[in-house]
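For the sequence shown, the working numbering begins at 508 and goes up steadily by one.
Working notes, beginning with the structure itself.
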Amino acid sequence: MGIAKHIVTQDYHVHTTLSVCALKEMTVQNIVRRAERIGYRLLGISDHLGGYNTPADLRGLTPQLTEIETDVELFLGCEMCVKLSGEPVFPAEEVAFLDYVMVAMCHVIGDLPPLKDDPKAWLDGWAGRLDGAIACDDRINILAHPLRTLGGYYEGKPLMLHLPPARWEELFRGMAERGIAMEMCGVMENYPTVYDAVRVVHRIAHEQGVKFTASSDAHGLDRMGFQCTNIRLAEDLGLTPEDFWTPTRSAK
Ligand SMILES: [Zn+2]
Ligand SMILES: [Zn+2]
508 MGIAKHIVTQ DYHVHTTLSV CALKEMTVQN IVRRAERIGY RLLGISDHLG GYNTPADLRG
568 LTPQLTEIET DVELFLGCEM CVKLSGEPVF PAEEVAFLDY VMVAMCHVIG DLPPLKDDPK
628 AWLDGWAGRL DGAIACDDRI NILAHPLRTL GGYYEGKPLM LHLPPARWEE LFRGMAERGI
688 AMEMCGVMEN YPTVYDAVRV VHRIAHEQGV KFTASSDAHG LDRMGFQCTN IRLAEDLGLT
748 PEDFWTPTRS AK
């Protein structure tokens, strides 16, 4: 299977109405029917966890996912908030029923100064939280949209390039050792103008042995399958399906 086909037939980042940011149309039923129409083989539901949703709220989706009739292989994951330390807000035992856990270093429970106040301090804090996430014992399978808040220009270059290559290498080496995959996510402000930087950072991740996922982060049905930026990136990096993460079903 070519890489484009591989990417457009699987998606592990789709929100239902359990996420307050998702459109009302994002019911499990509508999402699965849409996935069938656009040719998904594998689909992961991943609502926000922490802040407002609890593990019990997400567990409530299980009956719907097991009862719906479809040829699409369904997985239940989450997009969990982290503490200021970078640790996920819920420990591994509370999310054991999930098939996978995504965390995002920009979804933080705690008092964090806004990015615009001091972008460099934000970047250092972001990298520090990722250190904490890598060092903790909690369950983490995927780092969600890592570059989303690092794409603005600061002092003449994209913020993500203010982190030296050696520091990126260190972070990605840690992720690879822990088996944490990195999500490619084209939903980013300024994506075209920071594309070179995005490619540089992903290349370092690839060289350090990090696996990838490519996702839509759909909050509406129209967004599902929107992976053109991810396909271009994967092709530019010469990635093959073996460079991508695949889920395994939890024991529940
Ligand atoms: Zn997110
Ligand atoms: Zn999301």
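Just so you know, even glycine gets a beta-carbon here, dropped at the ideal spot from N, CA and C.
No experiment lies behind these values; they were computed from the predicted model shown.
Per DSSP, Lys-512 is one residue of the alpha helix (DSSP H) stretching across 510 to 515. For Asp-724, the shortest separation between its Cβ and any heavy atom of ligand 2 lies below 8 Å. Nearest in C-alpha terms to Val-527, of all of Asn-560, Lys-512 and His-520, is Asn-560. As summarised for the stretch 673 to 746, the continuous alpha helix (DSSP H) elements at least 4 residues long and confined to that stretch are 702 to 714 and 735 to 744, given in chain order.
Between Ala-599 and Asp-644, the gap from beta carbon to beta carbon is short of 9 Å. Gly-593 is positioned such that its CB atom lies closer than 9 Å to that of Met-612. Under a 10 Å Cβ-count criterion, Met-508 is classified as exposed, with fewer than 16 other Cβ atoms of the shown protein chains found around its own Cβ.
Residues of the same chain with a CB within less than 8 Å of the CB of Glu-601, apart from the 5 flanking positions on each side, are Pro-562 in chain order.
No residue range can be given for Leu-591, since it is assigned to no beta strand (DSSP E) and is classified by DSSP as neither H nor E.
When DSSP assignments are scanned along the stretch 591 to 644, the uninterrupted stretches of beta strand (DSSP E) that are 3 or more residues long and fall wholly within it turn out to be 609 to 616. Proximity of the stretch 674 to 685 to the stretch 612 to 622 falls short of the contact definition, fewer than three beta-carbon pairs being nearer than 8 Å. In this structure Ala-741 touches Ala-721 by the C-beta definition: roughly 7 Å separates them, less than 8 Å.
Between the stretch 626 to 633 and the stretch 570 to 583, the count of C-beta pairs closer than 8 Å stays below three; the two stretches do not touch. The Cβ atoms of Tyr-519 and Phe-597 do not sit closer than 9 Å to each other.
Each of Glu-586, Ala-611, His-614, Ala-651 and His-652 has a C-beta closer than 6 Å to some heavy atom of ligand 1; these make up the full list, in chain order.
If the five residues before and after Asn-697 are omitted, its C-beta is found closer than 7 Å to the C-beta atoms of Gly-658 and Gly-659, all from its own chain and listed in chain order. Annotation: the continuous beta strand (DSSP E) that includes Leu-550 extends over 549 to 556. Counting other Cβ atoms within 10 Å of its Cβ, Arg-756 stays below 16 and is therefore classed as exposed. With respect to Ile-538, Met-689 sits apart: the two C-beta atoms are not nearer than 9 Å. Between Tyr-661 and Pro-626, the alpha-carbon positions lie close to 7 Å from each other.
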